[in-house]
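Everything on this sheet refers to the single structure shown next.
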Amino acid sequence: MLRFLLKVLKTIGITLVSFISLIVFLCVITLLWGGVQMSRGNVTDSLPEVPADFVPEIRLIVFTDTHNENENVADAIDTAYEMFDNDTVYKGIDGFFGLGDFSSIGTEPDYKAYTDTLKEHIREETVCINVLGNHEFKTDTYKELFTEYFGHDINTVTEINGFTCIAFSGERSLTEWTFTPSSLKWLSDEIHKAQKNSGDKPVFVFEHPHPFGTVYGSTIWCTPQLNPVFAGHTNVINFSGHSHFPMNDPRSINQSTYTSVGVGAMARFELDENYIPGQHPEGYEDAAQFAVVEADSVGRVRIRGYDLLSDTYFCDYFIENVNDRDTFAYTYKNMKAHDKAPEFPENTEVFTELTEDGDYRISFTKAEMPEGFIVHEYKVVITDENNSEIYKDNFIASYYLINDEATQGFTVSKDILTSGQKYELTIKAESAYHKYSDEKTVSFTVQ
9 MLRFLLKVLK TIGITLVSFI SLIVFLCVIT LLWGGVQMSR GNVTDSLPEV
59 PADFVPEIRL IVFTDTHNEN ENVADAIDTA YEMFDNDTVY KGIDGFFGLG
109 DFSSIGTEPD YKAYTDTLKE HIREETVCIN VLGNHEFKTD TYKELFTEYF
159 GHDINTVTEI NGFTCIAFSG ERSLTEWTFT PSSLKWLSDE IHKAQKNSGD
209 KPVFVFEHPH PFGTVYGSTI WCTPQLNPVF AGHTNVINFS GHSHFPMNDP
259 RSINQSTYTS VGVGAMARFE LDENYIPGQH PEGYEDAAQF AVVEADSVGR
309 VRIRGYDLLS DTYFCDYFIE NVNDRDTFAY TYKNMKAHDK APEFPENTEV
359 FTELTEDGDY RISFTKAEMP EGFIVHEYKV VITDENNSEI YKDNFIASYY
409 LINDEATQGF TVSKDILTSG QKYELTIKAE SAYHKYSDEK TVSFTVQ
């Protein structure tokens with residue numbers, strides 16, 4: 009019996025050490041890759057602006073991670089048509105691309121509900137292509153269900169107005185997170201073919217997970233299997249989802265050796281805080297973002313993010329030359345150079361109110377950032393009249409909610425503050441590229 013217990017403990021110990029070693033290995037790889045990303049590319053005088061002579065020859069709508077929120081899907085499709093049916097520069101939409109996780113576990117009722125929505129709202133003349141996500145891989149009959157309901161293969165190449173669009177679902181390997189070598193070879197072969205025929209034009213590639221170490225969220229919600237496939241293909245523009253990380257974080261575009269774009273989510277956001285993923289802050293369920301992708305006859309590309317809930321564009325990226333890596337403006341290095349430390353206005357104020365639960369809601373004037381950049385986190389400290397620290401917290405800024413709110417709030421337990429007492433709130437803001445504001449201290453009295 010003792011020998012058996014020792015054997016079990018030894019096995020547990022080996023497993024634990026192996027797991028810890030794997031985590032350490034992944035952390036080291038992430039740090040090394042981060043160092044590579046931060047050193048690549050040039051620093052430009054300014055970020056690109058869309059020139060007046062840009063006239064699209066293709067327009068695509070790209071969305072991801074709808075997770076049975078089919079009302080959002082319908083609204084996105086209808087809104088996109090309304091936006092562009094009468095566009096004076098280029099009318100209409102050429103294609104809709106869904107990047108997977110349209111279901112919970114890939115069951116047939118989910119397929120039916122989603123495809124019914126697509127059929128009801130997408131016009132016959134508009135291309136509609138979808139790929140599988142890891143949630144669809146949970147069902148063993150994913151291939152059969154996919155082809156039955158979508159009418160095209162799980163991996164497919166579509167030519168639209170002279171542009172090659174490669175949609176890659178892959179094939180499930182050992183887990184729902186990994187692809188078979190044969191499906192990766194298919195993707196590699198198709199990219200090579202497209203690149204030979206594309207001339208100066210981009211090759212659009214769509215799949216569910218991010219390539220590792222590219223866009224915001226891709227150090228955890230990713231697959232490194234895609235990195236060697238895309239390496240060396242400068243004119244690839246890759247669109248992915250999976251992480252649910254908001255597209256209006258400027259790190260959601262990256263041009264390390266090719267262009268990667270994370271397109272947010274149509275159902276629930278997820279974020280990281282101090283590099284820890286899996287965070288779901290206040291309002292995270294208010295997610296409905298999609299990308300508008302356009303390219304012109306000489307291969308210039310415009311990518312805009314659109315928030316369905318506020319009917320607002322929140323980012324506008326322009327790529328002058330997809331074939332010249334030296335001109336890439338959206339490298340981590342260059343974006344960090346153009347990022348600024350947040351600044352609090354001189355007249356920063358603090359407001360308090362009681363919640364229905366009897367706790368206190370503390371709100372303060374948001375820190376300011378240049379257009380296209382964000383405050384990602386706030387650090388707050390409350391001290392009493394004796395200068396004793398009574399509350400301290402770090403939390404994610406609500407940048408993922410596109411609205412006109414001038415204040416940022418957090419909740420403090422009723423046991424910490426006393427009505428009528430005077431306190432000081434010290435705030436520090438952090439940008440997406442880890443630039444910090446000066447501390448701002450404001451006195452306030454609890455109502």
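Heads up, the sequence shown is in the numbering used here, so the first residue is 9 and it goes up one at a time. Think of the CB as a built atom: it goes at the ideal place given N, C-alpha and C, for glycine as much as any other residue. Note that the structure is a prediction, hence the values are computed from the model and not measured.
Inset, instruction - Hey, could you find the ends of the alpha helix (DSSP H) Asn342 is sitting in? - result: Translated into the one-based positions of the sequence shown, residue 342 becomes position 334. Per DSSP, Asn342 belongs to the alpha helix (DSSP H) from 340–346.
Inset, instruction - Locate the alpha helix (DSSP H) running through Asp118, then write down its first and last residues. - result: Stepping through the sequence shown from its first residue, residue 118 is reached at position 110. Residues 116–129.
Inset, instruction - Starting from Tyr368, trace the beta strand (DSSP E) both ways and give me its first and last residue. - result: The count along the sequence shown starts at 1 and reaches residue 368 at position 360. Segment 368–373, the beta strand (DSSP E) holding Tyr368.
Legend entry - Close beta carbons around Glu302, own chain, < 6 Å, minus the five adjacent residues each side: Working through the sequence shown from its first residue, we reach residue 302 at position 294. Leaving aside the five residues that flank Glu302 on each side, the residues in its chain whose CB is nearer than 6 Å to its CB run, in chain order, Pro64, Arg67, Arg310.
Legend entry - Candidates Gly307, Ser196, Glu438, Arg312: closest to Glu281 by CA position: Looking up residue 281 in the sequence shown gives position 273. When only C-alpha atoms are compared, the closest one is Glu438.
Inset, instruction - Leaving out five residues on either side along the sequence, give the residues of the same chain with a beta carbon under 6 Å from the beta carbon of Val8. - result: The chain is shown from 9 up to 455; residue 8 falls before or after that span and cannot be answered.
Inset, instruction - On a CA-only basis, which of Thr72, Phe62, His442 is nearest Pro258? Give me that one, please. - result: As a first step, residue 258 must be located in the sequence shown, where it is residue number 250. Comparing Cα-Cα distances from Pro258 to each of Thr72, Phe62, His442, the minimum goes to His442.
Legend entry - Where the alpha helix (DSSP H) through Lys193 begins and ends: Along the sequence shown, read from residue 1 onward, the residue named residue 193 stands at position 185. Note, Lys193: alpha helix (DSSP H), 189–206.
Inset, instruction - My understanding is that Asn256 touches Gly313, with C-beta atoms under 8 Å, so please give their C-beta distance in whole angstroms. - result: As a first step, residue 256 is located in the sequence shown; it is residue number 248 there, counting from the start. As a first step, residue 313 is located in the sequence shown; it is residue number 305 there, counting from the start. That pair is a contact at about 6 Å.
Legend entry - Proximity below 7 Å, CB of Thr360 to CB of Val454: Here residue 360 refers to the residue found at position 352 of the sequence shown. Here residue 454 refers to the residue found at position 446 of the sequence shown. Yes.
Inset, instruction - Could you round the C-beta distance between Gly178 and Ser191 to whole angstroms and report it? I think they count as a contact, below 8 Å. - result: In the sequence shown, residue 178 corresponds to position 170, counting from 1. In the sequence shown, residue 191 corresponds to position 183, counting from 1. 4 Å between Cβ atoms; contact.
Legend entry - Range of the contiguous beta strand (DSSP E) that encloses Phe71: Taking the sequence shown and counting its residues from 1, the one referred to as residue 71 is at position 63. Note, Phe71: beta strand (DSSP E), 66–71.
Inset, instruction - Whole angstroms is fine: what's the gap from Ser54's alpha carbon to Ser206's? - result: For this step, residue 54 is matched to residue 46 along the sequence shown. For this step, residue 206 is matched to residue 198 along the sequence shown. Rounded to the nearest angstrom, the two C-alpha atoms are 29 Å apart.
Inset, instruction - Tell me whether Leu30 is buried or exposed, calling it buried when 16 or more other Cβ atoms sit within 10 Å of its Cβ. - result: Locating residue 30 in the sequence shown gives position 22, where the first residue counts as 1. Reliability fails at Leu30, whose pLDDT of 38 lies under 50, so the model's placement of it is uncertain and the value that follows must be treated cautiously. It counts as exposed.
Legend entry - the region 105–114 in contact with the region 138–145 per 3-pair CB rule at 8 Å: The count of Cβ pairs closer than 8 Å, one atom from the region 105–114 and one from the region 138–145, reaches three, so the stretches are in contact.
Legend entry - Euclidean distance between Cα positions of Lys146 and His250: For the purposes of this step, residue 146 is identified with residue 138 of the sequence shown, where counting begins at 1. For the purposes of this step, residue 250 is identified with residue 242 of the sequence shown, where counting begins at 1. About 15 Å.
Legend entry - Per DSSP, the bridge partner or partners of Phe352: As a working note, residue 352 is residue 344 in the sequence shown. Phe352 is not bridged to any residue.
Inset, instruction - Could you tell me which residues DSSP pairs with Thr219 in its beta bridges? - result: If you number the sequence shown from 1, residue 219 lands on position 211. A small correction: the amino acid at residue 219 is Pro; Thr does not occupy that position in the sequence shown. DSSP lists Thr231 as partners of Pro219.
Legend entry - Alpha-carbon to alpha-carbon, Trp194 and Thr164: As a first step, residue 164 must be located in the sequence shown, where it is residue number 156. As a first step, residue 194 must be located in the sequence shown, where it is residue number 186. Taking C-alpha positions only, Thr164 is separated from Trp194 by approximately 10 Å.
Legend entry - Residue closest to Leu433, alpha-carbon to alpha-carbon, out of Val388, Ile245, Asn246, Asp95: Stepping through the sequence shown from its first residue, residue 433 is reached at position 425. In this structure, Val388 is the residue among Val388, Ile245, Asn246, Asp95 with its C-alpha nearest to the C-alpha of Leu433.
Inset, instruction - Would you grab the beta carbon distance between Phe130 and Ile85 for me? Rounded to a whole angstrom, and I think it's under 8 Å. - result: As a first step, residue 130 is located in the sequence shown; it is residue number 122 there, counting from the start. As a first step, residue 85 is located in the sequence shown; it is residue number 77 there, counting from the start. Just to set this straight, residue 130 is Ile in the shown sequence, not Phe. In this structure Ile130 is in contact with Ile85, their Cβ atoms being roughly 6 Å apart against a cut-off of 8 Å.
Inset, instruction - Closer than 8 Å by C-beta to Ile3: which residues in its own chain qualify, once you throw out the five before and the five after it? Chain order, please. - result: Residue 3 is absent from the structure shown; the chain starts at 9 and stops at 455.
Inset, instruction - Give a yes or no on whether the C-beta atoms belonging to Leu317 and Ala296 are separated by under 7 Å. - result: Position 309 of the sequence shown, counting from 1, holds the residue named residue 317. Position 288 of the sequence shown, counting from 1, holds the residue named residue 296. In this structure, Leu317 sits near Ala296, with a CB-CB distance shorter than 7 Å.
Legend entry - Where Ala84 sits in the DSSP three-state scheme: For the purposes of this step, residue 84 is taken as residue 76 along the sequence shown, with counting starting at 1. In the structure shown, Ala84 sits in a helix (DSSP, three-state: H, G or I).
Legend entry - Paired residues, beta bridge with Ser439 - DSSP: Along the sequence shown, one-based indexing puts residue 439 at 431. Beta-bridge pairing links Ser439 to Val383.
Legend entry - Continuous alpha helix (DSSP H) stretch holding Tyr157: start and end: Locating residue 157 in the sequence shown gives position 149, counting from the first residue. Counting along the chain, the alpha helix (DSSP H) containing Tyr157 begins and ends at 150–158.
Legend entry - Where the beta strand (DSSP E) containing Tyr314 begins and where it ends: Counted from its first residue, the sequence shown places residue 314 at position 306. Annotation for Tyr314: the continuous beta strand (DSSP E) segment containing it runs 309–315.
Inset, instruction - Report, in whole angstroms, the separation of the C-beta atoms of Pro254 and Phe277, which I expect to be a contact under 8 Å. - result: As a position in the sequence shown, residue 254 is number 246, starting the count at 1. As a position in the sequence shown, residue 277 is number 269, starting the count at 1. The Cβ separation is near 5 Å, so the contact holds.
Inset, instruction - Out of Lys436, Lys400, Thr149, Glu328, state which residue places its alpha-carbon closest to the alpha-carbon of Ala60. - result: As a position in the sequence shown, residue 60 is number 52, starting the count at 1. Closest by alpha carbon: Glu328.
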